[in-house]
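Number of protein chains: 2
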Amino acid sequence: MTKRLVAAAATVLAVAASQTAAAQQPASLVLLPKPRTVQLAPGAAYPVHSGLTVALAGARSARMQAALLRALKRMEDTTGLPMPRAIGSATSGNLTLNVAADGEPVQGIEEDESYRLAVTAAGVTLTAPTTVGAIHGLESLVQLLQATPQGYVLPLVSIDDSPRFRWRGLMIDCGRHFEPLDVLKRNIDAMAAVKLNVFHWHLTEDQGFRIESKLYPKLTELGSDGKFYTQDDARELVRYARERGIRVVPEFEMPGHSAAWLVAYPELNSGTAPDGIRREFGVSDVALDPTREATYQFLTRFLTEMSGIFPDAYIHIGGDETPAPDWKKNPRIISFMQAHNLHDNEALQAYFNTRILAILTKLHRRMVGWDEIFNPALPKDVVVQSWRGEASLAKGAQQGYQGVLSAPYYLDGMRPAGVHYLADPVPPDTTLTPEQQKLILGGEVCMWAEHLDQRTIDSRIWPRTAAIAERFWSAQDVRDVDDMYRRLQPVSLELESLGVKHLSSEDAGLRSLADSTQIDALRTFAQAFEPVSFSERYQQQHTSQLTPLTGFVDAVVPDPPIKHRLALAMDAVLAAPASAESAASYAMLRDFFHQTSATAPAVQKMIVQEPRLQPVESRTTQLDPLCQLALQALALLQADKKATPEWRANAGTLLAEANKSSGIVRFTFMEPLTKLVQAVR
Amino acid sequence: MTKRLVAAAATVLAVAASQTAAAQQPASLVLLPKPRTVQLAPGAAYPVHSGLTVALAGARSARMQAALLRALKRMEDTTGLPMPRAIGSATSGNLTLNVAADGEPVQGIEEDESYRLAVTAAGVTLTAPTTVGAIHGLESLVQLLQATPQGYVLPLVSIDDSPRFRWRGLMIDCGRHFEPLDVLKRNIDAMAAVKLNVFHWHLTEDQGFRIESKLYPKLTELGSDGKFYTQDDARELVRYARERGIRVVPEFEMPGHSAAWLVAYPELNSGTAPDGIRREFGVSDVALDPTREATYQFLTRFLTEMSGIFPDAYIHIGGDETPAPDWKKNPRIISFMQAHNLHDNEALQAYFNTRILAILTKLHRRMVGWDEIFNPALPKDVVVQSWRGEASLAKGAQQGYQGVLSAPYYLDGMRPAGVHYLADPVPPDTTLTPEQQKLILGGEVCMWAEHLDQRTIDSRIWPRTAAIAERFWSAQDVRDVDDMYRRLQPVSLELESLGVKHLSSEDAGLRSLADSTQIDALRTFAQAFEPVSFSERYQQQHTSQLTPLTGFVDAVVPDPPIKHRLALAMDAVLAAPASAESAASYAMLRDFFHQTSATAPAVQKMIVQEPRLQPVESRTTQLDPLCQLALQALALLQADKKATPEWRANAGTLLAEANKSSGIVRFTFMEPLTKLVQAVR
C-alpha cells in the first residue's frame, strides 16, 4: 500500500562519469594495512560508473559471491552509483575476479591469504589463490575509491599483497559484560575491513558463563544472569566470521577465572563454592579441582560438545591467574599432589593442562593458553598467548613453542594508537633466530570488558585496532606514525559506514548526560578529555560488574582524533617558533584552547544539574587555567619573549595538578602542553 | 586474563542521595503519552537511591520480571546508581508491583492495559490488572525520573491511566527495503516506550518477499535477493514484542503488490509473470489469479503455515492498489467473471476476499485489509485500515465495520510531528454516533520504505511517532502542540538510550559525505534542511529499489528540533516586535541565520569534491541570500522601519525560488521566514 503513483517506465540510471572521460589522479592512497607492494601509475585513474560489469571467474563459491556483493554495495553507498546486485556468468567484466579455489572447509592458519589487484584503464582485475585472499583484496579495492570533482575513481595501481603474520586477532571479553550478537557481528565486519583473521571469543569468566551447553544447562541457567549465546547464536557467528575470512577461536577459562562454572556445578570446586556469580573484578581464588576424575569427565563431555560448535583447529583454555589457595589447604588435593610428586600449584596446573591437552588432542584440536600454561611438561604444539610481554613470548619461542603476542595490545590501557602501532611481535632488534621467529604466529588485540558495555565497546576498540592490524599485516619497516594517523581517519569513517558505532557513541553519551540534543558546548569540552586507563579508573572509583557505565568517562573516547592533530601542530610550532610557516599551527592551537576554555561556564551549569557529571567537576575547574597557560605560552614563544619565574612556577603547579588522578578522565593535551611550556625561554 | 589486581574487598556502593534527605521538586513532568489523570503533590519528591528494594507481588510471570529488570536497568543507566539485578521474593519494597494476572496467552485487542502508579514519600507502588498494564506503568515510572542537584528523584504523583484507543500501531514496510531483525527490535523497544501496542509487519511487496515459507521455499529463494526473515527470526520477533506488550500483525499482500510471489510461483499469475523482483516503485499491474482453485489451495496452505508462526488474532491481507488489467484481458478470467456474475474488477476482488476470509476464519483469524477491501459483500468482523482518510474510515464505521486510521500518519510525507499530532481517528467534530465511534479501534503510523534503509529508518520514524502515540493513547483534548514538543525532546533522548539511532544517524551520514570526522560546518548547514516528501523526491529524482540512499537528503532528518524552536522564537518576535521581552528570541533567530549563512563557503568546497553532495548545490546558492533577507527583516521589524518596494520585490522572488523543488531537500525555516517578511511594514 503506497502512494498513488503511476508506475514509471524504467529509465536508465544516470551515469555520473563516462567510462572514457579522463579522470583526475587522486593525491595519495589510504590503504590500511599497507600492502606488500604497490605500484602507482601516475596521471590517470579508472572512473567508477554505474554501468560497471562484474565477472567472477574460477571458483564461484557462495561465500565469494556474497563477499563480492557486499563490496559492491559498499562501493554503491560510497559513490552513490548503483552497482550490480547479482553476479552473472560473464568471464570478464570491468571488474573481474579470478579465484583459484575456495580454500579449506575450515579456514586454517596456513591458508593462503595473498591476492593481486590491478587497476588499469581497462578495468579492475583481482586474482587470488583462495576466497580468503580475494576477500582481503576486495577490502583494498574499496579503500582505493576516491572522490574527485569529476566523480569517483580508482587510481591505476598494481598491488601484490600478503600478510606478514598468520595470526592477526582481536579478543573480546564477553564474560565480564555480555555483548549482544549484533555488536559482535559489526566488530567482525570491522575486523575484516582491516584484514584481521582471528576472532578470539572470551566466553567464560568469574562474572559470567556466556555459551549454552545442552549437556550442562546450569552453566548458563545459574552462571549468566540470562545473558548468553545459544548454540545457534554461536554457530551463526562462526558462519558470519568465516564468510569474512575470519576464524573463531573460543576460550573457556580453566582452572581459574571459573566462578561461573562453580556456581552452576559446585562439585567441580577445589574448596568453597562461590554463592553466586562474582560481581567484583580482580583475580579470584576459586578454581576447578584438578585432582578428581569427575572434573576431567565433565570437561571431556563439555569440550566435545563445544568442538561440535566451533570447528576451528584451536581451542583456548585460558589458564591464567590461578592462585588457587584451596590447592594448598584441601587435604585431599594435598595428598594427591604428594602421590603424584607435584611440588607446587604450578606443577598441579601443568598436570591439569596435560590432561586437558589429551582431551583436546582426541578432539583434533590444538591448545592455546595464556603465558601461565607455558611449562616444559607440555609438548611443543601448544600455543602460548603472551599477556606478560615480548620477553615471555621470546622465551617460549627459544624453547620451541609457538606464540601470539598480546601484552602491548591491551586496549583498556587507553593508550594512543601510535603507541600500540610501534609494538612489534618480532621487533627489529629481536634476538630470535629466523627459525625461532617463525614460531611467532602473530599478535592479538585484547579488549577486556570491566568498564564497557554495548554502548561503549566500539569506541574502545576502533579505530585503534585498525592501526594494530597494520602492524600484524604489513612489513616490519612500515612504522611512520604520522602517515598511519593520516590513513586512520578515512578508515575510521569506513568502519562507521560498516555499522560500528565508535564515532557516534560519544555524542549519544553526551546527549544523555546533557539531557538535551543541544550539546555543542559539551561536545567541544569533551574533546579535551579521554578516559583514564583501566587500572587508574579502578583505583579512583571502586567498580564492579554492577557499576553503571553511563558517566562522562564512558562517553569520551581514547585517543580522539584531535589529540594527534594537537601534537602535530605543537611539533610544527616548536620546530619553528618564530617562522611565518607556523602561523596556521599557532592558529589551530589558539582556536582549540580558546574554544575549549569558553565551554567551561556552560558545562559547569550542567554539572550542577546532572549527578552523573559531578565527578568531572574537578577537571572543569582545572581546564580554564590550563587553557590560559597554553595561550600565554604560545604568545611568549611566538614573540620570543622570556617567561617570568613566577609564571614558570605557576605553570609547574598547574601541570603537576593536571597530571594527578582526578575525575576518572585525563586531559588529551598534556603532552603537547608540557612540551610547549618547556620550550618557553 | 586481566590485570594483576588484588581482589578488592566489596565496598558498599556510594549512595548519591540519602533516602531521608529532602529532595527538590522537579519543575514539570515529561510524561508522554499524557496519562488519563495525574495528581502531583507539590513540594517534595522521592529520592532515588542505590539501595532501592524491589518487590513483585501478585502474578510473577517471567515476562513481568524481565520487564521490571529492564526498567531497573534503564533507571540505573539514567541515574548512575546501581539497581537490583534480580527480583527477590519480598512482598513489599521501595518499589512494589502488584499485578493481578499475566493476561491472555496471546495478547488480545481487549486486553486491559490500565495501571495505577503512586509515588509517595514511602516509595513507589505500581498496580495493574495485567502484565501489559504494568509494562506501560513502568514506562511512566522511567519517564518520571528527574535530575536535581541533590540527585535523581521521582516527583510525588498519583497516576491513573488507560488508553483511549485499543489499536495503537506502527507499520514498517520491510518489502521495498529489508530491515535486519535488530533494527526491528530496537523499534519495538521504542514503541513500548511510548505505549504503542501493535507492530504491523509488512512482509511482502512487489520488491521482495521477506518471510520464509517451508512449504513454498521459492518465495524467498527467488523473491527476496536473499534478504528475508527465517521462521525462527519471526518467532523471535513475536516473542520479543509480546515481552513488551506489543502484538504482531503480519501482512501478506494479495492479490496485488504480488510480483515477488509471482516470480517464485508464476502459475498463480493472472497474465504475464514478472521476470524478476520488481525494482521500480509505484503500482504494478501484476495480480494473483482469483479465478483458479489452485490459487486458494496455495493460499490455504501458506496462511495455515503462517498462522503457526504468528499467533495474533488478526492477519492483514493488504488488498490495496490492484488495477489488474489482466483480469479484463484474460479470456478465462473474463468467462469466470461472467459465470459468477462479477461485473468488474472490484467485484472479482470482493469475491477473492470472501474466499480468503473463509480461509482465515477456519484458522480462527480475523481479516484486516486496506480501504479497498471494504465491500458490502464482506461480513462485519473485517477490519478496514484506512489509507484514504477519515471520510473513508467514517463511511466504514457507519456501515458497521471496524476501522483503523492511517492516512494522516504517513511518515514519508515528511510532515512535522505537530501536524500528525492533531489528526485524530475520532476528531472532536466527528459526525459518528457513540456506537459508531466504538468501531474505530485506533490508528496506525505507516513507514513506507521506498527511500530508507537500515541507516535512516530510525530518524524517519522517531521521534515523530512518539507524538502520534500520544494521540492514540491520551484524551481527545490533549492537543497542546508546544507542550507536546517540550516533552518530545526528553523522550527522543530516552529512545536513543534504548538503542534507536535517530539522533546519531544524521552525523554519521554527514561524516560519510564530508569524508571527515570534522563536520562542524556541515552539521550547522544541515540544520537548515529537511528531506522533501516521498512524492516530491520521486518527482525530482527517479528512484528505484536499486537507488543508493547515501545522499544529503538521506542524512538530514524530517522536522529537526531546530524547526519548532525557530517557529517559537518567530512567534514571540511577531507577537511583540518592539518589546524588550523579545530580545532573546531576536538573538536566537539572528544567531541561527548568521551561523547558517557562515557555513556556505565551507560546504561549497565540500560539494566540489564529493559527487554525492552535488544535488544540494542549488540550495547552497539560495541559502545565503535567504539568511541575509531574514537578518534584514529582523532588523526592520525590531526598529519598526518600513521596507522599500524593491526590498519587498526581491524578498518575494527569493521566497518563491526557495519554495520551488530543488536538491531533493527543503529549508526548515520557510514558514517562519515567510511570516517574518509579511510582518515587515
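In order, the protein sequence lines correspond to chains A and B.
27 is the number of the first residue of the first sequence in the working numbering; add one for each residue after it.
27 is the number of the first residue of the second sequence in the working numbering; add one for each residue after it.
Beta carbons: idealized from backbone N, C-alpha and C, even for Gly.
Computed from a predicted structure; not experimentally measured.
Exercise. So, are the CB atoms of Val312/A and Gly302/A less than 9 Å apart?
Worked result: One-based indexing of the first sequence puts residue 312/A at position 286. One-based indexing of the first sequence puts residue 302/A at position 276. Contact: no.
Exercise. In or out: Asp617/A buried (at least 16 other Cβ within 10 Å) or exposed?
Worked result: In the first sequence, counting from the first residue as 1, residue 617/A sits at position 591. The residue is exposed, with fewer than 16 neighbouring Cβ atoms inside 10 Å.
For this session: Would you check if there are 3 or more beta carbon pairs closer than 8 Å linking the stretch 558 to 565 of chain A to the stretch 432 to 445 of chain A?
Result: yes
For this session: Determine the extent of the beta strand (DSSP E) in which Glu472/A is found, giving its start and end residues.
Result: Here residue 472/A refers to the residue found at position 446 when the first sequence is read from its first residue. Sequence check: residue 472/A is Cys here, not Glu. Segment Ile466 to Met473, the beta strand (DSSP E) holding Cys472/A.
Problem set entry | Thr156/A, enclosing beta strand (DSSP E) - first and last residue | Within the first sequence, the letter at position 130 stands for residue 156/A. From DSSP, the beta strand (DSSP E) with Thr156/A extends over Gly149 to Thr156.
Exercise. Measuring CA to CA, which of Thr576/B, Ile185/B and Asp338/B is closest to Pro557/B?
Worked result: The residue given as residue 557/B occupies position 531 in the second sequence. Taking only the C-alpha atoms, the option nearest Pro557/B is Thr576/B.
For this session: Sort out for me which residues DSSP pairs Gln480/B with in a bridge.
Result: Position 454 of the second sequence holds residue 480/B. Beta-bridge pairing links Gln480/B to no other residue.
For this session: Give me the Cα-Cα distance between Asp503/A and Ser188/A, rounded to the nearest whole angstrom.
Result: For the purposes of this step, residue 503/A is taken as the residue at position 477 of the first sequence. For the purposes of this step, residue 188/A is taken as the residue at position 162 of the first sequence. Distance between the alpha carbons of Asp503/A and Ser188/A: 15 Å.
Exercise. Could you give the uninterrupted runs of the beta strand (DSSP E) lying entirely in the stretch 262 to 305 of chain B, keeping only those of 3 residues or more?
Worked result: 273 to 277
For this session: Compare the C-beta of Gly106/A against all C-beta atoms of chain B and say whether one is closer than 9 Å.
Result: What you label residue 106/A is simply residue 80 of the first sequence in a count that begins at 1. Yes, its Cβ sits closer than 9 Å to a Cβ of chain B.
For this session: May I ask you to verify whether the stretch 486 to 498 of chain B touches the stretch 178 to 188 of chain B, counting CB pairs closer than 8 Å and requiring at least 3?
Result: no
For this session: Go ahead and pull the three-state DSSP assignment for Met393/A.
Result: Numbered from 1 along the first sequence, position 367 holds the residue referred to as residue 393/A. Of the three classes helix, strand and coil, the one that applies to Met393/A here is strand, per DSSP.
Exercise. Looking only at DSSP bridge pairs, what is Asn11/B linked to?
Worked result: Absent from the structure is residue 11/B, since the part of chain B shown begins at 27 and ends at 707.
Problem set entry | Helix, strand or coil at Thr174/B according to DSSP, with G and I counted as helix | Counted from its first residue, the second sequence places residue 174/B at position 148. In the structure shown, Thr174/B sits in a strand (DSSP, three-state: E or B).
Exercise. Within the 9 Å Cβ cut-off, does Gly177/B reach chain A?
Worked result: Numbered from its first residue, the second sequence carries residue 177/B at position 151. Yes, because at least one Cβ of chain A sits closer than 9 Å to the Cβ of Gly177/B.
Problem set entry | Met393/A versus Val410/A, Ala540/A and Trp227/A, residue with shortest Cα-Cα distance | To locate residue 393/A, count along the first sequence from 1; it is residue 367. For Met393/A, the nearest C-alpha among the options comes from Val410/A.
Problem set entry | Residue environment, Arg89/B, which counts as buried when at least 16 other CB atoms sit within 10 Å | The residue given as residue 89/B occupies position 63 in the second sequence. It is buried - the Cβ of Arg89/B has at least 16 other Cβ atoms within 10 Å.
Exercise. Taking three-plus beta-carbon pairs below 8 Å as touching, is the stretch 598 to 609 of chain A in contact with the stretch 549 to 556 of chain A?
Worked result: no
Problem set entry | Cβ-based contacts, 7 Å cut-off: residues of the stretch 621 to 643 of chain B near chain A | Val634, Gln635, Glu636, Pro637 and Arg638
Exercise. What in chain A is Cβ-close to Asp251/B, meaning under 7 Å?
Worked result: The sequence position of residue 251/B within the second sequence is 225, counting from 1. Within chain A, the residues near Asp251/B are Arg111.
For this session: For Glu136/A, return the contacting residues in chain B, with the cut-off set at a CB-CB distance below 7 Å.
Result: As a first step, residue 136/A must be located in the first sequence, where it is residue number 110. Residues of chain B passing the Cβ test: none, with the nearest at roughly 26 Å.
Problem set entry | Classification of Glu520/A by the beta-carbon crowding that lies within 10 angstroms, buried from 16 upward | Within the first sequence, residue 520/A is the residue found at index 494, counting from 1. With 16 or more Cβ atoms within 10 Å of its Cβ, Glu520/A is classed as buried.
Exercise. Which chain A residues sit within Cβ distance under 7 Å of Thr731/B?
Worked result: For residue 731/B there is no data in the structure shown, the boundaries of chain B being 27 and 707.
Exercise. Got a sec: is the Cβ-Cβ distance from Lys527/A to anything in chain B below 9 Å?
Worked result: Locating residue 527/A in the first sequence gives position 501, counting from the first residue. By this cut-off, Lys527/A is an interface position.
Exercise. Name the chain B residues whose beta carbon is nearer than 8 Å to that of Glu522/A?
Worked result: Numbered from its first residue, the first sequence carries residue 522/A at position 496. What Glu522/A touches in chain B: Ala534, Arg537 and Ser538.
For this session: Go ahead and label Met696/B buried or exposed: buried means 16 or more other beta carbons lie within 10 angstroms of its beta carbon, across all protein chains shown.
Result: As a working note, residue 696/B is residue 670 in the second sequence. The residue in question, Met696/B, is exposed, as its Cβ has fewer than 16 Cβ neighbours within 10 Å.
For this session: Could you confirm whether any beta carbon from chain D is found closer than 9 Å to the beta carbon of Thr543/A?
Result: Here the protein chains are A and B, and chain D is not one of them.
Problem set entry | Unbroken alpha helix (DSSP H) run spanning Arg327/B, endpoints | Numbered from 1 along the second sequence, position 301 holds the residue referred to as residue 327/B. It spans Glu319 to Ser333 - the alpha helix (DSSP H) in which Arg327/B sits, taken as one unbroken run.
Problem set entry | Unbroken alpha helix (DSSP H) run spanning Ser518/A, endpoints | Here the question's residue 518/A lines up with position 492 in the first sequence. It spans Val507 to Leu524 - the alpha helix (DSSP H) in which Ser518/A sits, taken as one unbroken run.
Problem set entry | Residue from Ala216/A, Asp338/A and Phe324/A whose Cα sits closest to the Cα of Leu58/A | Taking the first residue of the first sequence as 1, we reach residue 58/A at position 32. It is Ala216/A whose Cα lies nearest to the Cα of Leu58/A.
Problem set entry | Pairwise C-alpha distance: Trp499/B and Asp138/B | Locating residue 138/B in the second sequence gives position 112, where the first residue counts as 1. Locating residue 499/B in the second sequence gives position 473, where the first residue counts as 1. If you take the alpha carbons of Asp138/B and Trp499/B, they lie about 13 Å apart.
For this session: Measuring only between beta-carbons, confirm whether Gln428/B sits less than 9 Å from chain A.
Result: Working through the second sequence from its first residue, we reach residue 428/B at position 402. For Gln428/B, the answer is no, since every Cβ of chain A falls outside 9 Å of its Cβ.
Exercise. Between the stretch 305 to 325 of chain A and the stretch 246 to 262 of chain A, do three or more beta carbon pairs fall short of 8 Å?
Worked result: no
For this session: Using the Cα positions of Pro516/B and Tyr427/B, report the straight-line distance between them to the nearest angstrom.
Result: In the second sequence, counting from the first residue as 1, residue 516/B sits at position 490. In the second sequence, counting from the first residue as 1, residue 427/B sits at position 401. Cα to Cα, the separation comes out at about 38 Å.
For this session: For the stretch 160 to 169 of chain B and the stretch 94 to 113 of chain B, state whether three or more C-beta atom pairs, one from each stretch, are separated by less than 8 Å.
Result: yes
Problem set entry | Enclosing alpha helix (DSSP H) for Trp673/B [first to last residue] | In the second sequence, residue 673/B corresponds to position 647, counting from 1. Trp673/B -> alpha helix (DSSP H) spans Pro671 to Asn685.
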